[in-house]
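In this note's numbering, the protein residues as written are 1032 to 1341.
Glycine residues also receive a C-beta, built at the ideal position from the N, C-alpha and C atoms.
Nothing here was measured: the structure is a model prediction, and the numbers come from that model.
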């Protein structure tokens, strides 16, 4: 269980910067194995910063989905946002914050995506259903699309893209929408993979409008009914998710060259979860879709090739 500190900002950090980064690395390795593998492909300068960002995001998610979620209130999130403000002011509150403060000093990261993620956790406090995809999109942006914005600031963009004479005075293209798309694609993948787990907590993230489109009910979902209605619904949802992955792919070539391989690897490995769902005949109630480590490693040569030519 991750411990969240309620203590006021300290004048001196409780651990060294290196020790804090190691704590962040451990959280990333434990809770996000596919994502962690991608970070190992990053440069040594950027890798720890991504761990620091992930650790903060994970701890934020734990507030509403972790073991202590039952005692989380709007006031809890208010205090967490106050701690965020302290971090951006250069005042770490706990051990994990030390690494993020250092990251913020080395990279120009905006605070708004962090605030937006907290707003997404507020949605989880009072919402367990989404009427349509527009509603779900906002949630996915807040809890996952924001990660793309945070990470892009660390990964950087290719400043050599505008090489033509008529482009040299133009600023480099920043793939903001594509970064958001990758976060949303990943969150939609999580939703499809974790239907059963979410249902056990009384939550349905599949839009009710989509359930009705295929004449599949909430009661069917809670019972774990897998029939042609469910398969048709899942095919529809998977196709929509792949559209976001496709949009995300278009932005990778604009990233700094040393960031393209890890992003391609993460995108390819995570999108393969959708293939696993299909191979399991869309039965996400009794079979968890996951990609074995050997398959993740096997995808790296293709990811490298794409990072070079696309």
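- A straight line joining the alpha-carbon of residue 1239 with that of residue 1097 spans about 25 Å.
- Residue 1242 sits in a helix when the DSSP states are folded into three classes.
- Where residue 1115 is concerned, the enclosing alpha helix (DSSP H) starts and stops at 1105-1119.
- Taking the Cβ atoms as the reference, residue 1105 lies roughly 28 Å from residue 1054, outside the contact range of under 8 Å.
- Excluding five sequence positions before and after residue 1182, the CB atoms of its chain that fall closer than 8 Å to its own CB belong to 1081, 1084, 1210, given in chain order.
- Distances from the alpha-carbon of residue 1318 to those of 1270, 1255, 1168 put 1255 closest.
- Within the model, the alpha-carbon separation for residue 1241 versus residue 1233 is close to 18 Å.
- For residue 1215, the number of other beta carbons within 10 angstroms of its own is at least 16, and it is reported as buried.
- Pairwise C-beta distances place the segment 1145-1159 out of contact with the segment 1049-1067, as fewer than three of them are shorter than 8 Å.
- Within the same chain, and ignoring the five residues on either side of residue 1247 in sequence, the residues whose Cβ sits closer than 7 Å to its Cβ are 1260, 1261, 1264.
- Every alpha helix (DSSP H) of 4 residues or more that sits fully in the segment 1151-1195 is shown, in chain order, as 1164-1171, 1177-1186.
- At the C-beta level, residue 1320 and residue 1224 come within 8 Å of one another.
- Non-local beta-carbon contacts of residue 1141 in its own chain, meaning distances under 8 Å to residues more than five positions away in sequence, involve 1180, 1184 in chain order.
- In the structure shown, residue 1286 adopts extended strand secondary structure according to DSSP, grouped into three states.
- When DSSP states are grouped into helix, strand and coil, residue 1217 belongs to the helix group.
- Annotated as proximal: residue 1094 and residue 1107, with beta-carbon spacing under 8 Å.
- Annotation: the continuous alpha helix (DSSP H) that includes residue 1133 extends over 1126-1137.
- Rounded to whole angstroms, residue 1311 and residue 1121 show a C-alpha spacing of 48 Å.
- A direct Cα-Cα distance of roughly 16 Å separates residue 1170 from residue 1208.
- If you ignore the 5 residues before and after residue 1335, its C-beta comes within less than 7 Å of the C-beta of 1292, all in its own chain and listed in chain order.
- Distances from the alpha-carbon of residue 1338 to those of 1328, 1309, 1287, 1308 put 1287 closest.
- By the CB criterion at 8 Å, residue 1186 and residue 1290 fall inside the cutoff.
- In the displayed model, residue 1073 falls within coil according to three-state DSSP, outside both helix and strand.
- If the five residues before and after residue 1089 are omitted, its C-beta is found closer than 6 Å to the C-beta atoms of 1058, 1062, all from its own chain and listed in chain order.
- Within 10 angstroms of the beta-carbon of residue 1109 lie fewer than 16 other beta-carbons, which makes it exposed.
- Annotation for residue 1060: the continuous alpha helix (DSSP H) segment containing it runs 1048-1062.
- Distance from the CA of residue 1252 to the CA of residue 1069, rounded to the nearest whole angstrom, comes to 33 Å.
- Ranked by Cα distance from residue 1222, the options 1191, 1175, 1204 are led by 1175.
- Annotation: the continuous alpha helix (DSSP H) that includes residue 1226 extends over 1226-1231.
- Shown here for residue 1314: same chain residues with a beta carbon closer than 7 Å to its own, the five before and five after excluded, namely 1257 in chain order.
- Rounded to the nearest whole angstrom, the CA to CA distance from residue 1204 to residue 1144 is 19 Å.
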